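Notes for the one structure printed next.
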Amino acid sequence: MLHKYRKIDPIKAEQFDGSFEMMEKYRITDDGSGETYTCSLGNGAMPLKRGWWIVYLGTSEVYGITLFNWETMSDEKFHRTYERY
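Take a look at the structure:
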């Protein structure tokens with residue numbers, strides 16, 4: 000019988016708790032309402048909310064320049080995509 004499987008690649012991630020320490024660490028700015036934030040890492044500005052995940056996807060190299068790949072995602076999407084091991 001044919002079954003479905005998903006590939007789980009190891010990643011590094013941290014759940015944003017709204018703390019000042021995390022805001023400094025990940026260059027996060029408050030958009031003014033206290034509910035939405037902007038995370039400015041590696042590949043530009045990404046939307047972020049309290050409880051969302053900041054995911055480090057590794058590096059890539061283009062023309063000798065190393066790029067750090069980051070993504071932000073909701074808690075629901077994170078748990079659909081990744082499993083803790």
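One point on numbering: in numbering that gives the first Met the number 0, the residue at position 70 of the sequence shown is 69, and numbering is uninterrupted. Cβ coordinates follow ideal geometry from the N, Cα and C atoms, glycine included. Here the structure is a predicted model, which is why all the values come from computation and not from measurement.
| Query | Result |
| --- | --- |
| Just tell me which of TRP51, GLU34 and VAL61 has its CA closest to the CA of PHE77. | TRP51 |
| Here's the rule I'm using: 16 or more other beta-carbon atoms within 10 Å means buried, otherwise exposed. How should PHE19 be labelled? | exposed |
| Please work out which residues of its chain come closer than 7 Å, Cβ to Cβ, to ASP30, disregarding the five sequence neighbours upstream and downstream, and give them in chain order. | TYR36 and THR37 |
| Going by other Cβ atoms of all chains shown within 10 Å of its Cβ, with 16 needed for buried, is MET0 buried or exposed? | exposed |
| So which of ARG83, THR58 and THR71 has the shortest CA-CA distance to PHE15? | THR71 |
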